Each structure stands twice: as C-alpha cells, then as structure tokens.
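Residue numbers (the working numbering): 379 to 813.
Okay, structure coming up:
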C-alpha cells in the first residue's frame, strides 16, 4: 500500500497547542499517549488502527523532532542483523519476538514507506531522508483522526476508577488507557528530559538510575595532543582494574576532549572514571599482531635509515599520529633523529604502543551529546507482549522510557517502534499483517 491509499481514511486532523491559560476543562479519550516521539506515534497509530479514540500529548511544539536527527538525518529504522542490546537485552528480545523486523516491515509498508537494507543490516527509507518517516507517521495519524496536542507539559497522573487522569497546567485529560512514551533524557533539546520517570514512580514503578549511552569518551588529553580530527580503524576496549569489560571494532575519531566514533561510543556505558580506553592500531594498518609490526619497522629501518623517525610510519598513518606513538613510547627525543638510530628496544616499544594505545578515562560526554540514555523504568514490571504494567492495569510504557538501550545501527528505534506498536495494539491483531 502506497501513501496515496491513505486518502481512503477520513481526512480530519486534530492538532492543537494546549491553552495553558484558559479555563480548566476535562477531555476524555479512550487512549492517551504521553510523548509524541517514535514510540508514541507508533502506539497512537496502532491503537487508532484497531478502533480506539486516541489523543497524543507532546511537550515540544511538534511531534517527532528526535526522529529527524537520527541516522545523520536519514533515520536508521531498524536492523536485520542479530540483536544488540547491552541494556535490557532479555526484555528487548521478548518484545521484538512479538513485533520485530517482519511485523515492523509490514507496519511501514502499510504507511506507504519503502525501505532498503545497507551494510551492517541497517535499514533506511529509500528516500534517504528522515523527514519521509516522520511525514508517513503524521499522515497516518491524520488519516486515523488521532488528536495531537503540542506544547503541553504533564504535571502529574492519578489513577481513577475509570482509568487515569492526566494533569497539565489548567487542563485535565481522562483516559481509560494510558501509554507513557516520553523517552529517556538523551538530547533534551529534542524533547527527552526524563520528566515522565517521576510520574511512573508515583504510580508504583521502579526507576533505574539513568546514564548517558552512545556518547563520546573523555580521556586524558596530553597523549592525544594535536590529534583532533584524525580517524583511525582500530580495535577498542575498556579495562577496569586490569580486567577487559567490553570490546568493539571500527573507526575511532580523536577529538580535543578524547575519542569518538561509533565503536568508541558503544563502549561509553562501560567507561567509568579511572578505567582505561585502549586502541589497537594494528588492524587498521594491516598487521595481524605486534610481531608483524616489528618486522615492518625493521624493514623500514633498512630502507629509510637516513630519514627522520617522524617519517617511520609513512603510508600507515599521518605524521601527527606517528609523533604521538613516539611520545607514548617514551621516545620523544628520537623524532628528529635518523630512523637508523632506532634500536631493538625502541622497535619493541613502538610496536607495543601500536598494539595498545591506552588512555586514562575521565568520563563521558553528558546527556546533551548522547544518542540514547540507559536506565529508566524497570522492564520486569511490564509485560513484553503488550507493554502493560504488571502493577497498574491499562498503564503501558514503551521506548526509551524503559531500561533498554541498544547499539548504534537502528536497534534503539526498532525497539521504540516495536514496543510502541505492541502498547497500542493491547493484544489485538494488527490490521496491516493481513495485507
């Protein structure tokens, strides 16, 4: 079904800004969704598709702002590779067993969105534009007469005999069913500020301490002085008390404050102050081990003995990185001496640094820079088949508000959309699966 078919639904739109200074009035909805991000819009569409009257409350001036920033503006919707959820993996797997790649693909086709799969199993819209995803979601909400209220900040939620009462300034909404999809606290300028965790806590839920994930690592800067902007292919790992706690491979980017790049950002959740970040430069230079690097250095000594040592790694890395390798090996004084002056001890020291370029970790960049936050509402207090609370009937949570965080590559959006769809369906069959 392409986008044109959406016109078969009644053309009616309810999109309004909350009047925070008017008289307080009560508004009734079958389903109330707090948060108009990925999970919230998916939940609203799913609920409305099976006949529920739905209202979405959004704190920002429009829905879906964070979607536009995902995947470098291309919106990495999901990933067809094996699941990668370092936080809440077991729960994420149970959720995606009910609404994974197959079900979400059918959902997007129902919305008229076509996708393509790229390297690493990453799935993007064929347009290559995140705006296409947001447009498809908004058009379907319009078609299904989902009421969207923007610029509204929820103050509190109360359980009532009929369901839930949601308060925001002078306004009150009553709903039989409540879906909380307010996100975590990563990138607060795009709408996620953690403000709904206290509300879930007030309803009896446990909130795990939030922390930034998928963000840059801050390190001692002296060893990387002058390296800002240099990219290297490498293996990276974090150690704590001399124990390896996590390892990744990919491209790292040196910065004034430390190190970035996808492989480094995926180590951030383990990067406690006092831990160490290690980079093996061998793989990116084509060496299998330190022994091969030593052999190549010896070969270069015999070929280029009269050249200065700062040219030793020409063809393998830029001069600035060569200078840092010499400094880290304690061989600063050798940089302007001829390569022929290098001894066996020097060669072994240089190869050792190439195999383990280690930096002391000072911390990580905060929530403002993080792509996703860890922590949040305890997953074990929710049913993964419909995202309903095990504590409060007809209360659901979906997306980043839960204690689930995935790797880069579309895993976080895939969980947000999947959990949102399940929350909206509330155990009912998705109409798009019959198409």
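A virtual CB, placed ideally from N, CA and C, is assigned to each residue, including glycine.
Since this is a predicted model, take the numbers as computed values, not measurements.
- Taking a contact as a CB-CB distance under 8 Å, the pair residue 731 and residue 595 does not count as one, their CB atoms being some 19 Å apart.
- For residue 672, DSSP records no beta bridge to any residue.
- DSSP links residue 591 through a beta bridge to 750.
- Of the candidates 652, 548 and 470, 652 places its Cα closest to the Cα of residue 620.
- Going by DSSP, residue 576 is part of the alpha helix (DSSP H) stretching over 575 to 580.
- Annotation for residue 481: the continuous alpha helix (DSSP H) segment containing it runs 479 to 488.
- By the criterion of a C-beta distance shorter than 6 Å, residue 577 is surrounded in its chain by 535, once the five residues flanking it on both sides are discounted.
- Contact between residue 788 and residue 454 holds: their C-beta atoms lie close to 4 Å from each other, under 8 Å.
- Nearest Cα to residue 675 within the set 761, 719 and 627: 719.
- A buried status is given to residue 762, since no fewer than 16 other beta-carbon atoms sit within 10 Å of its beta-carbon.
- The residue from 539, 537, 560 and 555 with its alpha-carbon nearest to that of residue 530 is 560.
- Counting along the chain, residue 651 sits inside no beta strand (DSSP E), nor does DSSP assign it H or E at all.
- Exposure of residue 714 is indicated by the presence of fewer than 16 other C-beta atoms within 10 angstroms of its C-beta.
- Between residue 558 and residue 793, the gap from beta carbon to beta carbon reaches 8 Å or more.
- Ranked by how close their Cα comes to the Cα of residue 705, the residues 735, 721 and 532 have 735 in first place.
- When only Cα atoms are considered, residue 645 and residue 633 end up about 16 Å apart.
- Relative to the Cα of residue 568, the nearest Cα in the group 435, 445, 520 and 574 belongs to 445.
- Each residue's CA atom was taken as its position, placing residue 523 and residue 514 some 14 Å apart.
- In the three-state scheme derived from DSSP, where H, G and I count as helix and E and B as strand, residue 464 is classed as coil.
- If you ignore the 5 residues before and after residue 493, its C-beta comes within less than 8 Å of the C-beta of 455, 483, 486, 501, 502, 503 and 504, all in its own chain and listed in chain order.
- Secondary structure of residue 571 (DSSP, three-state): coil.
- Within its own chain, the residues whose Cβ lies closer than 6 Å to the Cβ of residue 766, once the five positions on either side in sequence are excluded, are 774, listed in chain order.
- At a cut-off of 4 residues, the continuous stretches assigned as alpha helix (DSSP H) that sit fully inside the stretch 744 to 813 are 789 to 803.
- A distance below 8 Å separates the beta carbons of residue 753 and residue 586.
- Between residue 555 and residue 409 the beta-carbon gap is near 5 Å, inside 8 Å, which marks them as a contact.
- Excluding residues up to 5 positions away in sequence, 632, 698, 699 and 702 lie with their Cβ nearer than 7 Å to the Cβ of residue 605 in the same chain.
- Residue pairing of residue 624 in beta bridges, as defined by DSSP: 616.
- Note that the stretch 413 to 420 does not touch the stretch 459 to 475; fewer than 3 beta-carbon pairs, one per stretch, sit closer than 8 Å.
- Sequence-distant Cβ neighbours of residue 656 in its own chain, meaning closer than 6 Å and more than five residues away, are 615, 734 and 736.
- Rounded to the nearest angstrom, the gap between the Cα atoms of residue 712 and residue 640 is 34 Å.
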